[in-house]
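J.: First the structure, then my questions, so here it is.
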Amino acid sequence: MSATSAEPLISARNIVLSYGAVRALDGVSLEVPRGAILAIVGPNGCGKSTLLRVLAKLADGAGRSGEVAIAGEVAGDPSSLTKLRAFVPQRPEVSADFTAREVVRLGRHAVGANEAAVARALDAVGLAARADLPFHTLSGGERQRVSIARALAQLDNTDTRAGSAGVLLLDEPFSGIDPAEVVRIVQALRARATHGAVVLSLHEPGLARAIATHALVMRAGKAIASGPAATTLTAEILTAAYGHPMVESSAWLVPSLSAGGSIRS
Amino acid sequence: MIDATDKPAKRRVSPLQQAIGLTLSLALIWAIFGRDHEGQTPASAPATAAVVPAPRVASLSPAITDSLAELGLAAHVVGRSGFCRSVPATVPVVGDLRSFDAERLALAKPDVLFVQPPIAGVDPALRELCTQKSIELVERRLDTLDDMRGLTADITRVFGAEAAEKLAPIAAFLAEPAPQTASDAQRVVIVVSVDPILAVGRGNYLDELLARAGAANAVDAKGWVELSVESLVALKPARVIGISETRARALEVANFLEVLPWNGAAPVVVADALPELLTPSLRAIARRGEVTRLLSAASSDSGSSAATGAAR
Amino acid sequence: MTQRGFIVLVFVIALAAALRVAIGPAAAADGSVHLALGVANGEILALRTNAALSAGLLGCVLGLSGLALQVLLRNPLASPFVLGISSGAGFGVALVLSLAYTLSLPAMAFGGEVAGAVAGALATLAIVAWLGRAREGSDPTTLVLAGVIVGAIFSAGTMLLEQLVPHGLRGDLLSWMAGRLPEIPSRAAFWTLACAAAGGWITLTACAGALDVACLSDDEARSSGVDVRRLRAMLFVVGGTLAAVAVAYAGPIGFVGLVGPHIARRLVGPRHAALVPASALAGAALLVGADAARQAIDLGTGRLPVGVVTALAGGPAFLWLLRNRARSGA
Chain A
16 MSATSAEPLI SARNIVLSYG AVRALDGVSL EVPRGAILAI VGPNGCGKST LLRVLAKLAD
76 GAGRSGEVAI AGEVAGDPSS LTKLRAFVPQ RPEVSADFTA REVVRLGRHA VGANEAAVAR
136 ALDAVGLAAR ADLPFHTLSG GERQRVSIAR ALAQLDNTDT RAGSAGVLLL DEPFSGIDPA
196 EVVRIVQALR ARATHGAVVL SLHEPGLARA IATHALVMRA GKAIASGPAA TTLTAEILTA
256 AYGHPMVESS AWLVPSLSAG GSIRS
Chain B
23 MIDATDKPAK RRVSPLQQAI GLTLSLALIW AIFGRDHEGQ TPASAPATAA VVPAPRVASL
83 SPAITDSLAE LGLAAHVVGR SGFCRSVPAT VPVVGDLRSF DAERLALAKP DVLFVQPPIA
143 GVDPALRELC TQKSIELVER RLDTLDDMRG LTADITRVFG AEAAEKLAPI AAFLAEPAPQ
203 TASDAQRVVI VVSVDPILAV GRGNYLDELL ARAGAANAVD AKGWVELSVE SLVALKPARV
263 IGISETRARA LEVANFLEVL PWNGAAPVVV ADALPELLTP SLRAIARRGE VTRLLSAASS
323 DSGSSAATGA AR
Chain C
17 MTQRGFIVLV FVIALAAALR VAIGPAAAAD GSVHLALGVA NGEILALRTN AALSAGLLGC
77 VLGLSGLALQ VLLRNPLASP FVLGISSGAG FGVALVLSLA YTLSLPAMAF GGEVAGAVAG
137 ALATLAIVAW LGRAREGSDP TTLVLAGVIV GAIFSAGTML LEQLVPHGLR GDLLSWMAGR
197 LPEIPSRAAF WTLACAAAGG WITLTACAGA LDVACLSDDE ARSSGVDVRR LRAMLFVVGG
257 TLAAVAVAYA GPIGFVGLVG PHIARRLVGP RHAALVPASA LAGAALLVGA DAARQAIDLG
317 TGRLPVGVVT ALAGGPAFLW LLRNRARSGA
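Protein chains in written order, with our numbering: chain A, 16 to 280; chain B, 23 to 334; chain C, 17 to 346.
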């Protein structure tokens with residue numbers, strides 16, 4: 016069964032995940048259409064990270080029910096799964112003395128070595144010039160970008176059933192990142208979304224509004240709203256989610272995401 | 023998949039480090055080749071390097087080497103263990119109680135090898151080597167007087183008439199039957215160290231020497247026994263004998279024992295430095311008179327007469 | 017850089033082996049024994065070559081085991097014996113010996129020291145694996161803690177067994193813990209060592225790519241297609257089995273498995289395709305070098321135990337590595 020362009024790349028139905036007596040996820044369903052940038056938004060502890068890991072098929076827990084279908088298949092074989100999705104955690108860890116380029120190359124482990132894909136990925140995050148520096152000497156934002164490049168390199172394939180329509184899943188990729196780097200990352204995400212899709216969790220909704228096409232708002236393990244970003248990320252819904260009055264404001268500053276800005280990496 | 027890119031900022035070895043490295047290398051080379059070992063220089067080869075009388079004997083057991091030295095057979099020893107102090111240090115070390123140096127053992131060309139087998143048994147590789155080099159392997163445990171008797175038989179067999187003279191009194195002593203301990207025999211505890219108190223129990227050579235000397239070992243347990251202060255006091259010995267390596271230790275032992283809470287039943291405490299009694303060798307047998315002496319010595323702080331055996 | 021690193025390693029091994037074979041005791045004309053350069057006859061050559069070869073193989077085993085456990089536990093201070101294996105094997109040996117003594121049977125009736133060591137090591141591995149199991153595969157911290165505790169329990173058990181044996185013989189139980197490099201290994205022992213080295217080398221090289229990926233966080237590794245749980249299980253089995261073989265062959269010899277992988281990393285970099293063979297070679301270089309050194313050092317009380325030499329050399333080497341790590345900020 017091959018995925019057509021109309022079929023969602025990821026669809027989750029009624030996900031329930033419990034840790035003992037605590038329900039981390041309580042009946043969450045969503046769909047990630049091709050081309051989407053889906054932002055999962057909500058307060059701390061609402062289950063954003065857990066949901067992401069479930070969508071990435073990284074959470075094997077005994078207390079789990081519900082289905083996650085990636086490219087239409089619920090139980091795919093592990094090797095094809097690596098071509099369909101890649102995960103970027105909140106804080107990447109590298110416990111060996113690799114250079115940035117070597118770390119990105121690790122992403123190709125299961126899908127076959129391809130130096131061109133590695134180079135493209137490094138370019139996409141703007142680290143081509145610093146690729147051969149040791150990972151440990153890079154700043155937090157640069158390390159985050161390296162991890163994203165690793166995931167991008169993993170999904171850079173043209174021989175999958177769905178073209179190179181892999182889904183990039185990121186857990187709070189912008190926490191502690193400087194504005195210029197935020198822009199770089201967003202550019203890379205948008206590029207990925209043109210072929211596949213992007214799902215990311217965000218702690219604060221302002222950035223979500225700027226970059227996301229779709230949104231899912233969570234509170235205490237439940238999805239309280241989902242749909243196109245414009246109609247989902249409203250003051251009303253967000254107030255319900257955060258339990259604190261949220262208002263439209265022009266007082267906050269956000270990084271300028273217009274394509275014309277020049278950015279030094 | 024050779025990574026062709028050099029790591030940036032390679033450390034350079036400073037001239038000082040190079041100099042140190044060079045000096046160390048030269049020192050190492052000199053240490054290996056620049057001097058002779060085993061205390062020999064070519065110009066002054068000592069007389070012992072001359073003819074060794076047959077049979078050539080090696081020993082991996084300090085106790086057995088002591089025994090050979092006691093019998094005047096040290097000249098036959100061509101290989102020793104690292105802890106054998108009763109033969110000259112110039113005799114090469116060929117192993118110890120639990121391992122052996124194959125090359126040095128072979129170079130020493132012994133006819134007989136004495137070992138005290140460990141619980142695990144003699145290393146099969148050592149057995150193999152002895153077979154290959156036609157070395158007679160003599161295994162002898164040394165715990166009891168019976169074992170000593172076996173050792174004298176081994177030595178007689180290996181050395182023949184040469185050993186007979188010195189061996190005679192020891193062999194005669196060992197051949198005597200074990201006496202019945204009289205019911206009114208003096209109750210004695212022999213203590214080897216204190217804190218914790220290590221006492222001589224039943225079934226070893228010191229216990230048997232004690233019995234031969236007419237005393238009764240107040241300690242009932244087998245082997246070498248760790249006693250608490252209270253259990254020692256409860257034994258109500260008439261006499262406590264301390265045997266140590268050195269005078270200082272003997273003093274320590276005596277002082278410790280004298281101030282124990284004997285509750286009025288304080289025993290006579292004597293202690294002396296008698297290291298030769300502490301190894302199960304024929305030398306210990308030869309010195310058995312010390313045990314008899316200590317059984318009747320008066321209690322005193324230093325606990326020794328002028329005529330102690332073993333100034334080393 | 018990788019290529020140069022390997023050349024250095026091979027050169028050091030060759031040098032150490034050459035020294036081991038070339039230097040040894042020889043009889044002078046007057047019958048005294050000196051250290052000398054040269055090999056008197058074919059028999060000595062065979063003896064020394066065999067000894068150097070088995071030291072080299074043991075070094076490989078230790079180096080590979082150390083690497084496997086350092087990757088498994090994500091801990092650069094891990095050594096082949098960090099999981100309590102040396103204490104467990106020591107207990108096994110003590111058990112065999114004290115049983116032999118108490119029941120007045122020869123130790124061989126129980127398989128000898130080797131059987132005790134192997135049984136003890138494998139029992140320790142099983143217990144630590146069981147204690148360390150968790151939902152998503154063994155957690156490194158739990159494994160290390162389990163190893164420390166199990167090791168301590170076995171050490172106490174050994175001390176307890178000492179009480180069953182008369183004072184003079186207690187040293188027998190403990191002398192095994194000093195480590196002893198057999199100068200004339202039996203055929204069975206030699207070939208077991210060789211198979212272990214080869215098996216470990218091949219297995220670890222086969223998953224070298226996965227080992228690289230495992231240096232990422234667990235989620236990243238699994239996202240990249242590596243079955244982290246299976247990889248960890250494999251590392252535990254390989255690292256533990258190699259350590260058990262090493263400990264059964266020569267008792268606990270420290271520092272080789274700890275320092276070898278670090279030297280390898282310095283010389284050939286962090287990628288496991290190079291690191292696996294380099295760790296084996298570095299371990300071999302260390303042990304053959306230590307064996308060669310102790311032929312040359314003569315303190316008048318016989319050869320030093322190899323464990324003493326590896327510690328005396330390995331200790332400063334490790335400190336030097338630590339200092340350089342601190343300076344380069346890695």
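Ideal placement from N, C-alpha and C gives every residue a C-beta, glycine not left out.
For a contact meaning CB atoms closer than 8 Å, what does B:TRP246 contact in chain C?
T.: The contacting residues are PRO182, HIS183 and GLY184.
J.: Output yes if chain E places a C-beta closer than 8 Å to the C-beta of C:ASP155; else output no.
T.: Given the protein chain composition of this structure (A, B and C), no chain E is represented.
J.: Looking only at its own chain, which residues have a Cβ that is under 8 Å from the Cβ of B:VAL78, when we skip the five neighbours before and after it?
T.: Per the sequence shown, the amino acid found at residue 78 of chain B is Arg instead of Val. If we look at B:ARG78 and ignore the five residues flanking it on each side, its Cβ neighbours are HIS98, VAL100, ALA130, LYS131, PRO132, ASP133 and VAL134.
J.: Does the beta carbon of C:ARG238 sit closer than 8 Å to a beta carbon anywhere in chain A?
T.: Yes, C:ARG238 lies at the interface with chain A (some Cβ there is under 8 Å from its Cβ).
J.: Using a Cβ-Cβ cut-off of 8 Å (strictly less than) and excluding sequence neighbours within five positions of B:GLY61, which residues of its own chain qualify?
T.: Below a pLDDT of 50, predicted positions are generally treated as unreliable, and B:GLY61, at 40, falls in that range; the measurement from the model is reported next regardless. For B:GLY61, where only same-chain residues beyond five positions count, the Cβ hits under 8 Å are ALA111 and THR112.
J.: Using a Cβ-Cβ cut-off of less than 7 Å, list which residues of the region 78 to 112 of chain A approach chain C; keep chain order.
T.: So the list reads PRO93, SER94, THR97, ALA101, PHE102, PRO104, PRO107, GLU108, VAL109, SER110, ALA111 and ASP112, given in the order they occur along the chain.
J.: Where do the ends of the alpha helix (DSSP H) carrying A:PHE189 lie?
T.: No alpha helix (DSSP H) holds A:PHE189; DSSP gives it neither H nor E.
J.: For chain B, is any of its Cβ atoms less than 8 Å away from the one on C:PRO332?
T.: C:PRO332 does not count as touching chain B.
J.: Is it the case that the Cβ atoms of B:VAL247 and B:ALA207 are separated by a distance below 8 Å?
T.: No, Cβ-Cβ distance for B:VAL247 and B:ALA207 is not below 8 Å.
J.: Using a Cβ-Cβ distance under 8 Å, would C:LEU113 count as near chain B?
T.: C:LEU113 counts as touching chain B.
J.: Which residues in chain B have a C-beta closer than 8 Å to the C-beta of C:PRO122? List them in chain order.
T.: Result: GLY143.
J.: Name, please, each residue of chain B whose Cβ falls closer than 8 Å to the Cβ of C:THR317.
T.: Within chain B, the residues near C:THR317 are GLY104, PHE105 and VAL115.
J.: Who pairs with A:THR114 in a beta bridge, going by DSSP?
T.: DSSP output for A:THR114 lists A:PRO149 as bridge partner(s).
J.: What do you reckon, is the C-beta of B:ARG269 under 7 Å from a heavy atom of the ligand SAH?
T.: Questions concerning the ligand SAH fall outside what the structure shown contains, since it holds no ligand whatsoever.
J.: Can you give me the C-alpha to C-alpha distance between C:PHE22 and C:ALA280, rounded to a whole angstrom?
T.: The alpha-carbon atoms of C:PHE22 and C:ALA280 are separated by roughly 9 Å.
J.: Mind checking C:LEU93: buried by the 16 CB within 10 Å criterion, or exposed?
T.: Exposed is the call here.
J.: Among the residues of its own chain, which have a CB less than 8 Å from the CB of A:HIS151, if the five just before and after it don't count?
T.: VAL109 and ASP112.
J.: Using 10 angstroms around the beta-carbon of B:ALA190, count the other beta-carbons present and answer buried if the total reaches 16, otherwise exposed.
T.: So B:ALA190 counts as exposed.
J.: Cβ atoms of C:PHE126 and C:VAL112: under 8 Å apart, would you say?
T.: Against a cut-off of 8 Å, the Cβ pair of C:PHE126 and C:VAL112 comes out as a contact.
J.: Quick one: give me the first and last residue of the alpha helix (DSSP H) that B:VAL251 is part of.
T.: 251 to 256 is the span of the alpha helix (DSSP H), which, as asked, contains B:VAL251.
J.: Would you mind listing the alpha helix (DSSP H) stretches within the region 98 to 153 of chain B that are 4+ residues and don't spill past its ends, in chain order?
T.: DSSP runs (the alpha helix (DSSP H)) wholly in the region 98 to 153 of chain B: 124 to 130.
J.: Strictly under 8 Å for the Cβ-Cβ distance: is C:GLY104 near chain A by that measure?
T.: Closer than 8 Å: no.
J.: What separation, rounded to the nearest whole angstrom, lies between the Cα atoms of A:ALA230 and A:SER162?
T.: For A:ALA230 and A:SER162, the distance between alpha carbons rounds to 23 Å.
J.: Can we say the region 82 to 91 of chain A touches the region 246 to 263 of chain A, given the rule of at least three CB pairs closer than 8 Å?
T.: Taking 8 Å as the limit for Cβ pairs, the verdict is that the region 246 to 263 of chain A does not touch the region 82 to 91 of chain A.
J.: Can you list, in chain order, the residues of the region 132 to 163 of chain A whose Cβ is nearer than 9 Å to any Cβ on chain C?
T.: Of all residues in the region 132 to 163 of chain A, PRO149, HIS151, THR152 and SER162 have a Cβ within less than 9 Å of some Cβ in chain C.
J.: Quick check on DSSP: helix, strand or coil for C:TRP192?
T.: Note: C:TRP192 maps to helix in three-state DSSP.
J.: Do C:PRO277 and C:GLN86 have their beta-carbon atoms positioned less than 8 Å apart in this structure?
T.: It is a contact, given that the beta carbons lie within the stated cut-off.
J.: If you compare alpha carbons, which of A:ILE55, A:ARG205 and A:LEU40 is closest to A:GLU46?
T.: Comparing Cα positions, the closest option is A:ILE55.
J.: If you draw a straight line from the C-alpha of C:LEU180 to the C-alpha of C:ASN66, how long is it?
T.: In a straight line, the C-alpha of C:LEU180 is about 38 Å away from that of C:ASN66.
J.: Under a CB-based cut-off of 8 Å, is B:SER121 close to chain C?
T.: Yes, B:SER121 lies at the interface with chain C (some Cβ there is under 8 Å from its Cβ).
J.: State the DSSP-derived secondary structure class of C:HIS278, mapped to helix, strand or coil.
T.: It is helical.
J.: Going by other Cβ atoms of all chains shown within 10 Å of its Cβ, with 16 needed for buried, is C:ARG20 buried or exposed?
T.: So C:ARG20 counts as exposed.
J.: Interface residues of chain A around C:SER233 at Cβ under 7 Å?
T.: Within 7 Å Cβ-Cβ: PRO104, PRO107 and GLU108.
J.: Can you list, in chain order, the residues of its chain with a C-beta nearer than 7 Å to that of A:GLY156? Leave out the 5 residues immediately preceding and following it.
T.: For A:GLY156, where only same-chain residues beyond five positions count, the Cβ hits under 7 Å are ILE192, ASP193 and GLU196.
J.: Does the region 63 to 70 of chain A come within contact of the region 256 to 271 of chain A, defined as at least 3 CB pairs closer than 8 Å?
T.: Touching, no, given that fewer than three Cβ pairs across the two stretches are closer than 8 Å.
J.: Tell me whether A:HIS124 is buried or exposed, calling it buried when 16 or more other Cβ atoms sit within 10 Å of its Cβ.
T.: A:HIS124 should be labelled buried.
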